[in-house]
Amino acid sequence: MKKYFALLLAGVMALSLAACGGSSSAPAAPAETQKEETAAEAPAEETPAAEEAAADIKTVEAGKLHMATNAAFPPYEMISDNGGFEGIDVEIATLIAQKLGLELVVDDMEFGSVITSVQGGKSDIAMAGLTVTEERKQNVDFTESYATGVQVIIVPEGSDIQTVDDLANNKMIGVQDGTTGYIYCSSPVEDGGYGEDHVTSYPNGAMAIEALKGGKVDAVVIDNEPAKAFVQANAGLKILDTEYIVENYAIGISKDNNGLRDAVNNALKELIADGSVKLIVDKYINAEN
Ligand code: GLN
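See the structure below:
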């Protein structure tokens, strides 16, 4: 039975959906009242509230939009061949910054630091394939969701782990620090997890995969799209064919900066509505499949 894992995921999804509902109920105000080149795309009725929101934008560094991320999470964020940053999140954030008249700066860090970086006023947005959870909502506000992910299990080909339940057979599971995968797997057995003792966490997915290849862990639990990328890049690994529940990815923003939150959320909503987000996602994901 997959029920424990599935139940946990279902719980998180319900919370995520609730969270999304909350954040997306903000008034649909145009974000770019100050931006000449995007004026044509702005909704017709520009309310005073919207103007206020746009005038209110404060960022960590004037003229810049700092994005906290972990650039080891393909295809959402990774380091490109020329040493820059690329990926779905990076491209969406670039368009958001453009709409706000700002220049995007990518602050690359461990995943476990992206929310605290925003909370501590070091970065403006946390965009890192970041799943909306109720607990994270205590620390940051979330925008509308722009993508979905599911937690999957990677094992070496020939592994005796064939189902979610097999993870409970005294296995060691590799995860990334601070991720939902870590939260599900490390929770106590009575709560549907496998317990802290059965989980080893790594600063990023690539290191968890190295540990799997080196036999230090028996499986890696990680989001599906990075999982596909890692399996493609590393012979001898496979993703278990199991059904999971969908999580929502959104952008985390300081609870003390409503102006920025509304502006980023509105810019994102426009990019979803005009198909820009879909084009970017298709470029990195759907085209490969
Ligand atoms: N979606 C997962 C989470 O939010 C993993 C994100 C990541 O590792 N970049 O916890």
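Each number in our numbering corresponds to the 1-based position in the sequence shown with 120 added. Each residue gets a CB set at the ideal place from its N, CA and C atoms; glycine is no exception.
Cβ contact annotation for LYS375 (same chain, cutoff 6 Å, sequence separation greater than five): ASP261, in chain order. The Cβ-Cβ distance between ALA347 and ILE359 falls below 8 Å. Distances from the CB of GLY241 to the heavy atoms of the ligand GLN are all 7 Å or more.
Judged by DSSP in its simplified three-state form, ILE281 adopts coil rather than helix or strand. The closest CA to that of ILE373, considering only GLN218, LEU215, THR283, ALA246, is found on ALA246.
Counted as a single uninterrupted DSSP element, the stretch harbouring ILE359 is not any alpha helix (DSSP H) but the beta strand (DSSP E) occupying residues 357-359.
In the structure shown, the three-state DSSP call for THR268 is strand. THR263 places its beta carbon 8 Å or farther from that of VAL401.
Annotation for LEU391: the continuous alpha helix (DSSP H) segment containing it runs 378-393. Using a cutoff of 7 Å, the CB of ALA248 counts as near the ligand GLN, since one of the ligand's heavy atoms is closer than that.
The residue among ASP201, VAL225, VAL341, LEU215 with its C-alpha nearest the C-alpha of ASP297 is VAL341. Annotated three-state conformation of LEU215 is helix, per DSSP. As DSSP reads the structure, ASN354 sits in no beta bridge. With the rule of 3 Cβ pairs closer than 8 Å, the segment 278-295 does not count as touching the segment 386-399. Judged by the Cβ position, PHE205 fails to qualify as a neighbour of the ligand GLN at the 7 Å threshold, every heavy atom of the ligand being at least this far.
Following the DSSP letters along the chain, one finds THR236 inside the alpha helix (DSSP H) bounded by residues 234-239. In the DSSP assignment, GLU330 falls within the alpha helix (DSSP H) that extends over 325-333. A Cβ-Cβ distance of about 15 Å is found for the pair ALA387 and LYS184, leaving them out of contact under the 8 Å criterion. In the three-state reduction of the DSSP assignment, PRO346 falls in the helix class. Here LYS291 has ILE281, HIS318, ASP338, ALA339 as same chain residues with Cβ atoms under 7 Å from its own Cβ, once five neighbours each way along the sequence are excluded.
A straight line joining the alpha-carbon of GLU223 with that of ASN377 spans about 18 Å.
Relative to the non-hydrogen atoms of the ligand GLN, the Cβ of ASN190 comes within a distance shorter than 7 Å of at least one. For SER396, the enclosing alpha helix (DSSP H) starts and ends at 396-404.
Residue environment analysis places ASN406 among the exposed positions, since fewer than 16 neighbouring C-beta atoms fall within 10 angstroms of its C-beta. Excluding its 5 nearest sequence neighbours in each direction, VAL238 has C-beta neighbours in its own chain below 8 Å: ALA188, ASP244, ILE245, ALA246, VAL260, GLY372, ILE373, SER374, listed in chain order. DSSP places GLY294 within a strand segment (E or B) once states are collapsed to three. By the 16-neighbour rule on beta-carbons within 10 angstroms, LYS336 is exposed. Distances from the CA of ASN324 to each of GLU230, GLU211, PRO195 were compared; the closest alpha carbon is that of GLU230.
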